[in-house]
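Notes follow the structure.
Protein chains: 2
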Amino acid sequence: MDKITEQDGFAPLGREGLVERVARLLSKAIVTGQLTPGTRLSESVVAKQLGTSRAPVREAARLLENSGLVTYHANRGFFVRKFTATELDNLYEFRIVIELAAVRRLIREGLGDTGPALAAQIEELRRLAGPPHDMLTHVEADMQFHRLICNGSGNPRFLRTFEQIALETELTIVLIGKLYEDAHRLAETHVPILEALQSGCEQDAVDAMFYHLDVARTLVTEQFRKLEDESPK
Amino acid sequence: MDKITEQDGFAPLGREGLVERVARLLSKAIVTGQLTPGTRLSESVVAKQLGTSRAPVREAARLLENSGLVTYHANRGFFVRKFTATELDNLYEFRIVIELAAVRRLIREGLGDTGPALAAQIEELRRLAGPPHDMLTHVEADMQFHRLICNGSGNPRFLRTFEQIALETELTIVLIGKLYEDAHRLAETHVPILEALQSGCEQDAVDAMFYHLDVARTLVTEQFRKLEDESPK
DNA sequence: AATTGATGTATTGTCGACAATCGACTTGAC
DNA sequence: GTCAAGTCGATTGTCGACAATACATCAATT
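The listed protein sequences derive, respectively, from chains A and B. Under the numbering used here, residues 1 to 233 are what the first sequence spells out, in order. Under the numbering used here, residues 1 to 233 are what the second sequence spells out, in order.
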């Protein structure tokens, strides 16, 4: 079994550093929309709210900067990241490059236990399609499917880069407010990818993944442009 | 440990933050080999040497962590990154993915003023081929050629990702101690890439870049394995 | 002798305070 | 009324000190 989540194995449990905890709380607050894009992340305010000093908050903010959730201006502090339609398009283009490369490598290295893991994740997506429809949980499960592929590719750099864009991808999806009209449909769109991967045909797998991501890219970008027009600036 | 001193002479653009200065000094010390892989980066020691407190050093170290030059172990601190042959191979595989994607995009978007910039950079490489043969300067000029391509691609994510792996790439090359036997030859290996880019044929450009990077990958990996055998930890 | 447990030391983790810097506001001249 | 310079308040930048943790050493037990 591959190690993805931090709860399996003997990874220290109470050993989560304060910085990581703050980073997790902040990222959750941002992704869930409690902190809207553009708002300032005052170190002292956050520190006071969490009952810590500014140092851990500052470090956590720098971590989030690498995840693309916040931007940092020298001598001005951290701000929740704002996205433009172009940036969003660039994000998906980049994501496609990374994930297609991961798919190619995964095929060449052999699926291994990534196959069953992907199948199980699709089951999870189907289960989540039923009520209650928690958007964030759903998006995270979707991302987990793609994370499994990057993780199974065998080159840790793909997983690492995926993690760097995973949170901002989640954020943009949540910003838009919907991923698919039908949650059941979303789950099924992952099936062709898995089947192509299991067939062992590299080109089929690449095509399936590209189609999947390209559809998502179009949906997300168009929806975002629509929202941009409704509330210009 | 040698003292890390700041090279005077240039203050790039008005004010540079203390954190950035420390990060620059540290990265230079690592890439030049003053700090060898595996050595501990004691916050207090570095801070004392640079005449600052630990806070900026700590932030700078976290920046370098993103550049892959140092690793961080919770409650143990920062260490200069050690590379294995496999990691190095993964690095080059990843680099190929990124740069090939950048080339594709650059072709589609049109060269613009990237063409002349690339030509000028080749000239710079030729100039540096003459004495004195400063390895680091040479490597940096080589990387600059590739940086220009990522920058010209039009998608900032490619440049951003390139920057994340640029320093560790430089480090591995310097670790090996040589890039090419003949520095003049290195400069010329970039010519086919530029010509293919100017031809406008996407496949030619991709092929040229792939060949270039694949040769480098083989050279570096083999040389590294040789060094690994000589001094097997 | 090997392993376990206790102890000491060095380093990181966190904190609160002060200094430097930026942006907004006020004030004044034209 | 507009613009410029000066001032003020708030926030980040940096610092030194203290607390918590890990590693090494050594003692005690089997």
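Where a beta carbon is used, it is the ideal one built from N, C-alpha and C, also for glycine. These numbers come from a predicted model, not from an experiment.
Could you check where the beta strand (DSSP E) with residue i kicks off and where it finishes?
i	result
His73(B)	70-73
For residue i, collect the residues of the same chain with a Cβ closer than 6 Å to its Cβ; drop the 5 residues on either side in sequence, then sort them by chain order.
i	result
Ala166(A)	Met143
Asn151(B)	Leu159
Thr5(B)	Caution applies to Thr5(B), whose pLDDT of 41 falls short of 50 and renders its modelled position unreliable; the value that the coordinates give is listed next. There are no such residues.
His190(B)	Ile122, Phe145
Arg225(A)	Ala85
Asp229(A)	none
Gln223(A)	Ile176
Ala196(B)	Asp204, Ala205, Ala208
Glu43(B)	Arg54, Val57, Arg58
Tell me which residue opens and which closes the alpha helix (DSSP H) that residue i is part of.
i	result
Gly77(A)	No alpha helix (DSSP H) contains Gly77(A), which is instead part of the beta strand (DSSP E) from 77-80.
His184(A)	183-188
Lys226(B)	202-230
Leu167(B)	156-176
Leu106(A)	85-109
Gln144(B)	135-152
Glu65(A)	54-66
Tell me the rounded alpha-carbon separation between residue i and residue j.
i	j	result
Asn90(A)	Thr172(A)	12 Å
Glu170(B)	Leu88(A)	31 Å
Arg58(A)	Arg157(B)	24 Å
Glu168(A)	Thr71(A)	12 Å
Ala101(A)	His73(B)	30 Å
Arg147(A)	Gln164(A)	11 Å
His184(B)	Tyr92(A)	40 Å
Val174(A)	Val31(A)	7 Å
Ala119(A)	Arg217(A)	23 Å
Ala60(B)	Met209(B)	33 Å
Gly68(A)	Val80(A)	9 Å
Thr39(B)	Leu18(B)	23 Å
Ala205(A)	Gly51(B)	55 Å
Cys201(B)	Leu64(A)	40 Å
Asp134(B)	Pro37(B)	21 Å
Phe83(A)	Leu35(A)	14 Å
Leu227(B)	Gly33(B)	15 Å
Asp182(B)	Val45(B)	40 Å
Val97(A)	Ala29(B)	34 Å
Glu16(B)	Asn75(A)	11 Å
Arg62(A)	Gln49(B)	25 Å
Leu41(B)	Glu20(A)	21 Å
Gly77(A)	Gly77(B)	25 Å
Pro12(B)	Glu140(B)	Because the pLDDT of Pro12(B) is 36, which lies under 50, any placement of that residue in the model is unreliable, and the number read from its coordinates should be weighed accordingly. Approximately 17 Å, taken between the alpha carbons.
Pro132(B)	Asp113(A)	53 Å
Within the same chain, show all residues whose beta-carbon is closer than 8 Å to that of residue i, passing over the 5 residues directly before and after it, in chain order.
i	result
Gly154(B)	Arg105, Leu106, Glu109
His212(A)	Thr189, His190, Pro192, Ile193
Gly14(B)	Caution is warranted here: a pLDDT of 41 is assigned to Gly14(B), below 50, making its placement in the model unreliable, and the coordinate value is therefore given only provisionally. Result list for Gly14(B): empty, nothing under 8 Å.
Gln198(A)	Leu111, Gly115
Asp214(B)	Ile96
Asn66(B)	Gln164
Thr221(A)	Ala85, Leu88, Asp89, Tyr92
Leu239(A)	As shown, chain A starts at 1 and ends at 233. That puts residue 239(A) outside it, with no answer to give.
Ser27(A)	Leu64, Ser67, Leu69, Leu167
Go through its chain and collect everything with a Cβ distance to residue i's Cβ below 7 Å, but skip five positions before and after it.
i	result
Thr137(B)	Leu128
Ala47(B)	Ser53, Arg54, Val57
Lys233(A)	Unreliable placement is indicated for Lys233(A), whose pLDDT of 44 sits below 50; the coordinate value is still reported in the next sentence. So the list is empty, once near-sequence residues are dropped.
Gln7(A)	With a pLDDT of only 36 at Gln7(A), under 50, the local geometry of the prediction cannot be trusted, and no value is derived from it.
Thr161(A)	Ile98
Ala23(B)	Ala60, Leu63, Leu64
Sort out for me which residues DSSP pairs residue i with in a bridge.
i	result
Arg21(A)	Answer by DSSP bridge pairing: none, since Arg21(A) is not bridged.
Leu194(A)	Paired residue(s): none; Leu194(A) is not in a bridge.
Leu125(B)	Partner(s): none; Leu125(B) has no beta bridge.
Leu41(A)	Phe78(A)
Residues in the region 51-64 of chain A having any Cβ partner in chain B nearer than 9 Å: Ala55, Arg58, Glu59, Arg62, Leu63
Interface residues of the region 93-120 of chain B facing chain A [CB-CB below 7 Å]: Answer set for the region 93-120 of chain B: Glu93, Phe94, Val97, Ala101.
Interface residues of the region 69-89 of chain A facing chain B [CB-CB below 7 Å]: Ala74
Where the region 140-162 of chain B meets chain A: residues whose CB sits under 8 Å from a CB there: Asn155, Pro156, Arg157, Phe158, Thr161
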